[in-house]
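Asker: Take the sequence shown: its letters are residues 0 to 304, numbered as in numbering that gives the first Met the number 0.
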Amino acid sequence: MTELPPGLHGAYSRTRLHNHLGAKSLRNAIAEGRLVSYCRTVVIQRERMTSLHTRAAAALLMAGQGAALASHTAVWLHGCTAADTNRVHLVLGYERKLRPRPDVAVHYDSYDPADVVEIDGLRTMALDYALADLLCRARHRSTALACADQALGALPPQQRAAFKADLSVRIAARRDYRGRRQGVFLLDLATGLPESPPESTLLLMIAEAGFPLPEPQHSVRDLDDRELWRLDFAWPDARVAVEYDGYAAHVGKAEADQARDEDLRRRGWKVLRADVSDLRNPVHLFRQLSVELASPERRARAFRT
Numbered sequence: 000m001t002e003l004p005p006g007l008h009g010a011y012s013r014t015r016l017h018n019h020l021g022a023k024s025l026r027n028a029i030a031e032g033r034l035v036s037y038c039r040t041v042v043i044q045r046e047r048m049t050s051l052h053t054r055a056a057a058a059l060l061m062a063g064q065g066a067a068l069a070s071h072t073a074v075w076l077h078g079c080t081a082a083d084t085n086r087v088h089l090v091l092g093y094e095r096k097l098r099p100r101p102d103v104a105v106h107y108d109s110y111d112p113a114d115v116v117e118i119d120g121l122r123t124m125a126l127d128y129a130l131a132d133l134l135c136r137a138r139h140r141s142t143a144l145a146c147a148d149q150a151l152g153a154l155p156p157q158q159r160a161a162f163k164a165d166l167s168v169r170i171a172a173r174r175d176y177r178g179r180r181q182g183v184f185l186l187d188l189a190t191g192l193p194e195s196p197p198e199s200t201l202l203l204m205i206a207e208a209g210f211p212l213p214e215p216q217h218s219v220r221d222l223d224d225r226e227l228w229r230l231d232f233a234w235p236d237a238r239v240a241v242e243y244d245g246y247a248a249h250v251g252k253a254e255a256d257q258a259r260d261e262d263l264r265r266r267g268w269k270v271l272r273a274d275v276s277d278l279r280n281p282v283h284l285f286r287q288l289s290v291e292l293a294s295p296e297r298r299a300r301a302f303r304t
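#1: Quick one, which of 104, 170, 2, 153 has its alpha-carbon nearest residue 34's?
#2: Which word fits residue 158, buried or exposed, when buried means at least 16 other C-beta atoms lie within 10 angstroms of its C-beta?
#3: Quick check on residue 124: does DSSP put it in helix, strand or coil?
#4: The beta strand (DSSP E) that contains residue 232, what's its start and end?
#5: Which value, in whole angstroms, describes the spacing of the CA atoms of residue 13 and residue 42?
#6: Tell me whether the beta-carbon of residue 173 lies closer than 8 Å to the beta-carbon of residue 179.
#7: To the nearest angstrom, how far is it from the Cα of residue 19 to the Cα of residue 276?
#8: Where does residue 46 sit, in a helix, a strand or coil, going by DSSP?
#9: Please state if the CB of residue 268 and the CB of residue 238 are separated by a distance shorter than 8 Å.
#10: Take residue 48 and list the residues in its own chain whose beta-carbon comes closer than 7 Å to its own, dropping the five residues that flank it on each side.
#11: In angstroms with no decimal places, state the Cα-to-Cα distance between residue 225 and residue 218.
#12: Buried or exposed for residue 132, going by 16 or more other Cβ atoms inside 10 Å?
#13: Going by other Cβ atoms of all chains shown within 10 Å of its Cβ, with 16 needed for buried, is residue 39 buried or exposed?
#14: DSSP on residue 352, reduced to helix/strand/coil?
#15: Which residues in the same chain have their Cβ closer than 6 Å to the Cβ of residue 244, if we skip the five residues on either side of it in sequence?
#16: Residue 99: which of 110, 171, 87 sits nearest, CA to CA?
#17: Ordered along the chain, which non-local residues of its own chain (more than five positions away) have a Cβ less than 6 Å from that of residue 228?
Shown next, in the form of structure tokens:
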């Protein structure tokens, strides 16, 4: 059996691999199923073909010089795991053209080469560039906000304001004005405080519904200023909170959650609980929230069934 070189995360230029192995060994590796044709010029190891690193490497090899990973793929490589990984996102200069394919999204921009960094050997757009683009252009706004929260959450708190300022400059400087309003709106919501992508999604839904913005990760303290509880979302003036119950974090903890809610109730708080079903259909949750926040009747009517 022919030994394959490491390649770029299991992706190879067909020409270079041909020169390294020889025509016969390359044909044998493909015939044996160890290599799979990605496109006319690129082959990949079958055992790694589902890996995002491998698919990203193959897309870069296919696109050629000057291409870089962008949007969802770039922010995922920077550590934002909420990003969509179904397709590989590339950015090319306007002078280049690449035939589209279902598993590769191609963006065009006159980007500064200084904005390209290397992550795991892959040419990748800098985080602020990629994230600003995602905030402005993402089809699913909740995914973009979750990525922004993850990026901010990975920074020390004292560095978050500066990073948000960098993102704001990126958004304002975009040549393509489309999406700027969305980008500004989502960036304003991003704090780095939500502890999971579903919490970021819930915050976006609350904002889009027209409710006052809650305070994420609000600390409830006793008279000696010791923290007793931390609430996912709180309106301190109204003493109302929404807690998101993710399955993994709350499985087997029903009694503890009930005791916590009872202690908060005695301290004057009303706690509403939400789960994944409320992300699919928030009508019941928002009707409760309207009542607890004493929202205008016109808002409550919007969530009647």
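Backbone N, C-alpha and C define an ideal beta-carbon position, used for all residues, glycine too.
Answerer: Looking at the coordinates:
#1: For the options 104, 170, 2, 153, the alpha carbon positioned closest to that of residue 34 is the one of 2.
#2: With a threshold of 16 other beta carbon atoms within 10 Å, residue 158 falls short and is exposed.
#3: In this structure, residue 124 counts as strand in the three-state DSSP scheme.
#4: That run of the beta strand (DSSP E) goes 226 to 234.
#5: One C-alpha to the other measures close to 6 Å.
#6: Residue 173 is a Cβ neighbour of residue 179, given a cutoff of 8 Å.
#7: Going from the Cα of residue 19 to the Cα of residue 276 covers about 54 Å.
#8: In the three-state scheme derived from DSSP, where H, G and I count as helix and E and B as strand, residue 46 is classed as helix.
#9: Cβ distance < 8 Å, so residue 238 and residue 268 count as in contact.
#10: Within the same chain, 35 come within 7 Å of residue 48 by CB-CB distance, once the 5 residues on both sides are set aside.
#11: Within the model, the alpha-carbon separation for residue 225 versus residue 218 is close to 9 Å.
#12: When all chains shown are included, residue 132 counts as buried.
#13: Within 10 angstroms of the beta-carbon of residue 39 lie fewer than 16 other beta-carbons, which makes it exposed.
#14: Lying outside 0 to 304, the shown extent of the chain, residue 352 is not represented and no answer is given.
#15: Around residue 244: 272, 274.
#16: Answer by Cα proximity: 87.
#17: So the qualifying residues of the chain are 219.
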